[in-house]
Amino acid sequence: MIEFDQSMKKLRSVNGYLGSAVLNFSGETLYMDEENTSVDIAYSASIFNDAFRMISESSLDVGFADASLVESRTEDGHVFLINSSGDAGGDNFSKLTTFAIFRDDGNVALGKMIMEKTVQSMSKAMNEL
């Protein structure tokens, strides 16, 4: 069993962090943290995940690989989706997407680095189940 709460602990400690979610390949929410925001994280993550999948399909249409990261920047914050599918091959069970929102003045670069490592680690653990 994957302890998503423990896996996401480091991300929650990053300056500017507001909330996050972990989604499986079909878009179901496996983990959610919305304590620091009034945003409906599950709903927002699902909407952004749909857009992420359309972008990924478009990447394939032009001859590139699946999209592995999508970032939406606004004047007051950032939304990230980072996908593990780049290393997971054809097994959809182990493909995960992390979703996170940060304030604009947060340590966004560190947040992205932690998200990339965390999603790969969780995906590897899912693959071993």
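Residue numbers (the working numbering): 1464 to 1592.
For every residue, glycine included, the Cβ atom is placed at its ideal position computed from N, Cα and C.
Burial of SER1519 is indicated by the presence of at least 16 other C-beta atoms within 10 angstroms of its C-beta.
Cβ-Cβ distances below 8 Å link ARG1475 to SER1483 and ASP1496 in the same chain, with the five nearest sequence neighbours on each side left out; the list follows chain order. With fewer than 16 other CB atoms across the displayed protein chains lying within 10 angstroms of its CB, ILE1510 is exposed. Taking the C-beta atoms as reference points, GLY1574 is found no nearer than 8 Å to TYR1506. Rounded to the nearest whole angstrom, the C-alpha separation of ASN1570 and ILE1577 is 11 Å.
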